[in-house]
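Novice: For the sequence shown, counting from 1, position 87 maps to 87 in UniProt numbering; every step adds exactly one.
From the three backbone atoms N, C-alpha and C, an ideal C-beta is built for every residue, glycine too.
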Amino acid sequence: MWLLNNRTDAATSLNITVSDDTIPTLSSLDKPMEQRVNLKFLVKLEKTFTEAYAMLREMYGNECLSRTQVFEWFKWFKEGRETTEDDPRPRRPSTSKVDENIEKNGKLIREDRRLSVRGLAEITGIDKECVRQILHESFKMRKAWV
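Here is the structure:
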(Lines of atoms letter the chains of each structure in order from A and count residues from 1; the text may use other names and numbers.)
(Lines give C-alpha, C1' and ligand atoms only; values in the text may rest on other atoms or scores of the structure.)
Protein backbone atom coordinates (compact mmCIF):
# COMPACT_ATOMS: atom_id res chain seq x y z
CA MET A 1 0.00 0.00 0.00
CA TRP A 2 1.20 3.48 -0.86
CA LEU A 3 0.03 6.52 1.04
CA LEU A 4 0.56 9.98 -0.34
CA ASN A 5 0.08 13.01 1.85
CA ASN A 6 -0.27 16.35 0.15
CA ARG A 7 0.73 19.52 1.97
CA THR A 8 -1.84 20.46 4.57
CA ASP A 9 -3.73 23.65 3.92
CA ALA A 10 -5.79 25.23 6.63
CA ALA A 11 -9.02 24.23 4.92
CA THR A 12 -8.27 20.81 3.40
CA SER A 13 -5.98 17.83 3.57
CA LEU A 14 -5.61 15.31 0.76
CA ASN A 15 -4.89 11.64 1.46
CA ILE A 16 -4.75 9.24 -1.47
CA THR A 17 -4.50 5.50 -0.98
CA VAL A 18 -3.48 3.40 -3.96
CA SER A 19 -3.26 -0.38 -4.00
CA ASP A 20 -0.06 -1.98 -5.26
CA ASP A 21 -1.75 -3.50 -8.32
CA THR A 22 -2.56 -0.05 -9.79
CA ILE A 23 1.02 1.25 -9.63
CA PRO A 24 2.77 0.96 -13.01
CA THR A 25 5.75 -1.37 -12.97
CA LEU A 26 9.08 -0.89 -14.71
CA SER A 27 8.02 -3.45 -17.27
CA SER A 28 5.21 -1.15 -18.40
CA LEU A 29 7.19 2.12 -18.18
CA ASP A 30 10.82 2.84 -18.85
CA LYS A 31 12.80 4.75 -16.21
CA PRO A 32 12.77 8.20 -17.89
CA MET A 33 9.05 7.89 -18.63
CA GLU A 34 8.34 6.85 -15.05
CA GLN A 35 10.31 9.83 -13.78
CA ARG A 36 8.39 12.21 -16.05
CA VAL A 37 5.09 10.83 -14.76
CA ASN A 38 6.26 11.36 -11.19
CA LEU A 39 7.52 14.85 -12.04
CA LYS A 40 4.18 15.74 -13.60
CA PHE A 41 2.49 14.60 -10.40
CA LEU A 42 4.84 16.73 -8.28
CA VAL A 43 4.09 19.77 -10.46
CA LYS A 44 0.37 19.20 -9.93
CA LEU A 45 1.06 19.10 -6.18
CA GLU A 46 2.65 22.56 -6.64
CA LYS A 47 6.09 21.45 -5.51
CA THR A 48 8.97 23.77 -6.39
CA PHE A 49 11.62 22.66 -8.84
CA THR A 50 14.14 22.22 -6.03
CA GLU A 51 11.76 20.05 -4.00
CA ALA A 52 10.76 17.97 -7.03
CA TYR A 53 14.36 17.44 -8.14
CA ALA A 54 15.41 16.45 -4.62
CA MET A 55 12.58 13.89 -4.44
CA LEU A 56 13.51 12.40 -7.82
CA ARG A 57 17.20 12.21 -6.81
CA GLU A 58 16.23 10.49 -3.56
CA MET A 59 13.98 8.01 -5.33
CA TYR A 60 16.11 7.18 -8.40
CA GLY A 61 19.65 7.95 -7.21
CA ASN A 62 22.17 7.67 -10.04
CA GLU A 63 19.46 6.71 -12.53
CA CYS A 64 17.70 10.06 -12.07
CA LEU A 65 17.28 12.32 -15.08
CA SER A 66 19.86 15.08 -15.29
CA ARG A 67 19.10 18.39 -13.58
CA THR A 68 18.70 20.02 -17.01
CA GLN A 69 16.21 17.39 -18.20
CA VAL A 70 14.22 17.64 -14.98
CA PHE A 71 14.18 21.43 -15.31
CA GLU A 72 12.95 21.28 -18.93
CA TRP A 73 10.17 18.79 -18.16
CA PHE A 74 9.24 20.69 -14.98
CA LYS A 75 8.90 23.89 -17.01
CA TRP A 76 6.79 22.19 -19.70
CA PHE A 77 4.45 20.61 -17.13
CA LYS A 78 4.16 23.97 -15.35
CA GLU A 79 3.17 25.54 -18.70
CA GLY A 80 0.39 22.96 -19.07
CA ARG A 81 1.92 20.13 -21.07
CA GLU A 82 -0.08 16.95 -20.51
CA THR A 83 1.84 14.25 -22.35
CA THR A 84 4.93 12.60 -20.90
CA GLU A 85 5.96 11.20 -24.29
CA ASP A 86 8.96 12.60 -26.16
CA ASP A 87 8.12 14.88 -29.07
CA PRO A 88 8.58 13.18 -32.45
CA ARG A 89 11.89 13.99 -34.12
CA PRO A 90 12.58 14.02 -37.83
CA ARG A 91 14.72 11.04 -38.72
CA ARG A 92 16.54 9.90 -41.78
CA PRO A 93 15.99 6.34 -42.95
CA SER A 94 17.84 3.92 -40.71
CA THR A 95 19.48 2.22 -43.67
CA SER A 96 20.52 2.88 -47.23
CA LYS A 97 19.52 -0.66 -48.15
CA VAL A 98 15.99 0.27 -49.24
CA ASP A 99 14.39 -1.21 -52.35
CA GLU A 100 15.06 1.93 -54.41
CA ASN A 101 18.82 1.78 -53.74
CA ILE A 102 18.95 -1.97 -54.32
CA GLU A 103 17.26 -1.54 -57.71
CA LYS A 104 19.53 1.38 -58.62
CA ASN A 105 22.68 -0.62 -57.81
CA GLY A 106 21.32 -3.68 -59.63
CA LYS A 107 20.59 -1.65 -62.77
CA LEU A 108 24.05 -0.06 -62.74
CA ILE A 109 25.88 -3.35 -62.19
CA ARG A 110 23.89 -5.05 -64.99
CA GLU A 111 24.84 -2.21 -67.36
CA ASP A 112 28.55 -2.38 -66.46
CA ARG A 113 29.78 -5.33 -64.43
CA ARG A 114 33.26 -3.77 -64.21
CA LEU A 115 32.07 -1.03 -61.83
CA SER A 116 33.83 -1.09 -58.50
CA VAL A 117 32.15 -0.70 -55.12
CA ARG A 118 33.75 2.73 -54.86
CA GLY A 119 32.43 3.66 -58.31
CA LEU A 120 28.90 2.53 -57.43
CA ALA A 121 29.09 4.46 -54.16
CA GLU A 122 30.13 7.65 -55.97
CA ILE A 123 27.40 7.30 -58.61
CA THR A 124 24.58 6.50 -56.18
CA GLY A 125 25.74 8.66 -53.26
CA ILE A 126 25.52 5.70 -50.88
CA ASP A 127 28.21 4.69 -48.41
CA LYS A 128 30.71 2.14 -49.79
CA GLU A 129 29.95 -0.39 -47.06
CA CYS A 130 26.21 -0.22 -47.81
CA VAL A 131 26.89 -0.75 -51.52
CA ARG A 132 29.09 -3.75 -50.66
CA GLN A 133 26.35 -5.21 -48.44
CA ILE A 134 23.72 -4.68 -51.16
CA LEU A 135 25.89 -6.47 -53.73
CA HIS A 136 26.69 -9.32 -51.36
CA GLU A 137 23.26 -9.86 -49.75
CA SER A 138 20.86 -8.95 -52.57
CA PHE A 139 22.84 -10.08 -55.62
CA LYS A 140 25.05 -12.77 -54.02
CA MET A 141 28.12 -11.11 -55.56
CA ARG A 142 31.60 -11.42 -54.12
CA LYS A 143 34.81 -9.56 -54.76
CA ALA A 144 36.74 -11.11 -57.63
CA TRP A 145 40.52 -11.14 -57.44
CA VAL A 146 41.63 -11.03 -61.03
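Excluding the five sequence neighbours on either side, which residues of its own chain have a C-beta within less than 6 Å of the C-beta of S138, listed in chain order?
Specialist: Your numbering for residue 138 matches position 138 in the sequence shown. Once the five neighbours on either side are set aside, the close Cβ partners of S138 are I102.
Novice: Starting from L42, follow the alpha helix (DSSP H) in both directions and report where the run begins and ends.
Specialist: Mapped onto the sequence shown, residue 42 falls at position 42. Per DSSP, L42 belongs to the alpha helix (DSSP H) from 31-44.
Novice: Mind checking which residues open and close the alpha helix (DSSP H) that includes R110?
Specialist: Counting from 1 along the sequence shown, the entry for residue 110 is found at position 110. Residues 99-111.
Novice: Hey, could you find the ends of the alpha helix (DSSP H) M55 is sitting in?
Specialist: Against the sequence shown, residue 55 aligns to sequence position 55. Run containing M55: 49-60, per the alpha helix (DSSP H) assignment.
Novice: Do you know offhand how far R36's Cα is from T124's?
Specialist: Working through the sequence shown from its first residue, we reach residue 36 at position 36. Working through the sequence shown from its first residue, we reach residue 124 at position 124. Spanning the two alpha carbons is a distance of roughly 44 Å.
Novice: Between the alpha carbons of E100 and E129, how many angstroms are there, rounded?
Specialist: Position 100 of the sequence shown holds residue 100. Position 129 of the sequence shown holds residue 129. When only Cα atoms are considered, E100 and E129 end up about 17 Å apart.
Novice: Starting from C130, trace the alpha helix (DSSP H) both ways and give me its first and last residue.
Specialist: As a first step, residue 130 must be located in the sequence shown, where it is residue number 130. Element bounds for C130: 128-139.
Novice: Given 8 Å as the limit, is there contact between the stretch 57-74 and the stretch 30-48, that is, 3 or more CB pairs closer than that?
Specialist: yes
Novice: Report the rounded CA-to-CA distance for I109 versus R142, giving the unit in angstroms.
Specialist: The residue labelled residue 109 in the question sits at position 109 within the sequence shown. The residue labelled residue 142 in the question sits at position 142 within the sequence shown. In a straight line, the C-alpha of I109 is about 13 Å away from that of R142.
Novice: Determine the burial state of L135: buried for a count of at least 16 other Cβ atoms within 10 Å of its Cβ, exposed for fewer.
Specialist: One-based indexing of the sequence shown puts residue 135 at position 135. So L135 ends up on the buried side.
Novice: Please go through the same chain and pick out, in chain order, the residues whose beta-carbon is closer than 7 Å to the beta-carbon of F74, but skip the five residues on each side of it.
Specialist: In the sequence shown, counting from the first residue as 1, residue 74 sits at position 74. Hits under 7 Å: L39, V43, F49, A52.
Novice: Quick check on A144: does DSSP put it in helix, strand or coil?
Specialist: For this step, residue 144 is matched to residue 144 along the sequence shown. The answer is coil: DSSP assigns A144 none of H, G, I, E or B.
Novice: So what's R114 in DSSP terms, helix, strand or just coil?
Specialist: Working through the sequence shown from its first residue, we reach residue 114 at position 114. Coil, per DSSP.
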